[in-house]
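Here the numbering used here is used: the first residue of the sequence shown is 6, the next is one more, and so on.
Glycine included, every Cβ here is placed at the ideal spot set by N, Cα and C.
All remarks here apply to the structure that follows.
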Amino acid sequence: MSGLAPHRLSLNTATVREQWNLAEAIEGCARHGIGGICPWRDKLHEMGVEAAARAIRDAGLGVSGLCRGGWFTQTGAVDDAVIDDNRRAVDEAATLGADCLVMVVGGLPEGSRDLPTAWALVEDGLAATLEYARKVGVKIAIEPLHPMYAADRACVNTMRQALDICDRLGPGIGCAVDVYHVWWDPELEEQLARAGKERILAFHLCDWLVPTRDQLTDRGMMGDGVIDIPRIRGLVEANGFEGLNEVEIFSALNWWRRDPDEVLATVVERGRTVC
């Protein structure tokens, strides 16, 4: 499999979140020939949604997604404030022309050990958000996270779980496939085939380091870890995905400490040679 040209990559702004604001990230993507961007909402709000949308269009960038909606379980109920925030996120994704709104659904409510209740809260919250998103024309992407995050970040941890929810909720919802979270799954090939073109809504790249020194903020640059990225990319593309390949690296100990132009230059080089 040939590598990825820069125009087939997208920069998730988490990769340079400590160095650049959103305006700087947009300009950096254009300067390095990267084809798209995925803003996080905190950076988006700093710049302003309309201003960011104009700048992204003017730079000729695609928007592979918006991070993030979700967090349906935090209070132990899907309350109006959570749904209102997710609807705002849907509106922001629509303004940006994003391919999808990525959902980090939430883990156990504080003090709880009740996973079934957390799962029910997630599905209720997704259903309410999806009802609105369909009217606006925004696709919702559940991002199953690695099981180590089940308690505090996302109690949906496999493609099978995510697709079961999609089956029950119907059109307009699919998955964000992040190699960091799914590379270990023995059912991955089967579940990607089950997802198909209509439900693989985003594809995220990074690498799993051995050892991993922090479970949240020690992801690797592609090629520095143990994930067979070309294999997973091949499976995703074989099942119809044609979108941008989004690089999302949380790296407090390494890449967040480097010059951001060096980071983007490395992303481009690894895209060509590793992915």
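Which of helix, strand or coil does DSSP assign to residue i?
| i | result |
| --- | --- |
| residue 244 | coil |
| residue 231 | coil |
| residue 264 | coil |
| residue 171 | helix |
| residue 91 | helix |
| residue 12 | helix |
| residue 143 | coil |
| residue 73 | strand |
| residue 153 | helix |
| residue 108 | strand |
| residue 96 | helix |
| residue 68 | strand |
| residue 102 | coil |
| residue 179 | strand |
| residue 223 | strand |
| residue 159 | strand |
For the alpha helix (DSSP H) that contains residue i, what are its first and last residues?
| i | result |
| --- | --- |
| residue 31 | 27-37 |
| residue 61 | 54-63 |
| residue 184 | 184-187 |
Buried or exposed for residue i, going by 16 or more other Cβ atoms inside 10 Å?
| i | result |
| --- | --- |
| residue 140 | exposed |
| residue 215 | exposed |
| residue 27 | buried |
| residue 196 | buried |
| residue 183 | buried |
| residue 224 | buried |
| residue 138 | buried |
| residue 118 | exposed |
| residue 5 | With the chain represented from 6 up to 280, any question about residue 5 goes unanswered, as that position is not in the structure. |
| residue 120 | exposed |
| residue 219 | exposed |
| residue 22 | buried |
Could you check how far apart the C-beta atoms of residue i and residue j are, in whole angstroms? I think they sit under 8 Å.
| i | j | result |
| --- | --- | --- |
| residue 20 | residue 252 | 6 Å |
| residue 136 | residue 181 | Not confirmed; about 20 Å, so no contact. |
| residue 71 | residue 43 | 7 Å |
| residue 15 | residue 41 | 3 Å |
| residue 202 | residue 177 | Not a contact, Cβ separation roughly 14 Å. |
| residue 199 | residue 228 | The pair is not a contact, with the Cβ atoms about 29 Å apart (cut-off 8 Å). |
| residue 268 | residue 11 | No, residue 268 and residue 11 are not in contact; Cβ-Cβ is about 14 Å, not under 8 Å. |
| residue 164 | residue 192 | 7 Å |
| residue 134 | residue 91 | 4 Å |
Would you please verify whether the beta carbon of residue i is less than 8 Å from any beta carbon of chain D?
| i | result |
| --- | --- |
| residue 234 | Protein chains in the displayed structure number just one, and chain D is not present. |
Counting along the chain, where does the beta strand (DSSP E) carrying residue i start and finish?
| i | result |
| --- | --- |
| residue 209 | 205-210 |
| residue 252 | 250-252 |
| residue 41 | 41-43 |
Using a Cβ-based criterion (distance less than 7 Å to any ligand heavy atom), does residue i qualify as near the ligand SAM?
| i | result |
| --- | --- |
| residue 48 | With respect to small molecules bound, the structure shown includes none, and the ligand SAM cannot be examined in it. |
For this session: Would you check if there are 3 or more beta carbon pairs closer than 8 Å linking the region 233-240 to the region 91-102?
Result: no
For this session: Say whether the region 203-214 touches the region 245-253, bearing in mind that this needs 3 or more beta-carbon pairs closer than 8 Å, one atom from each stretch.
Result: yes
Exercise. Between the region 45-57 and the region 100-109, do three or more beta carbon pairs fall short of 8 Å?
Worked result: yes
Problem set entry | Segment contact, 8 Å Cβ cut-off, at least three pairs: the region 58-76 with the region 108-120 | yes
Exercise. Three or more C-beta pairs closer than 8 Å, one from the region 82-90 and one from the region 123-135: is that the case here?
Worked result: yes
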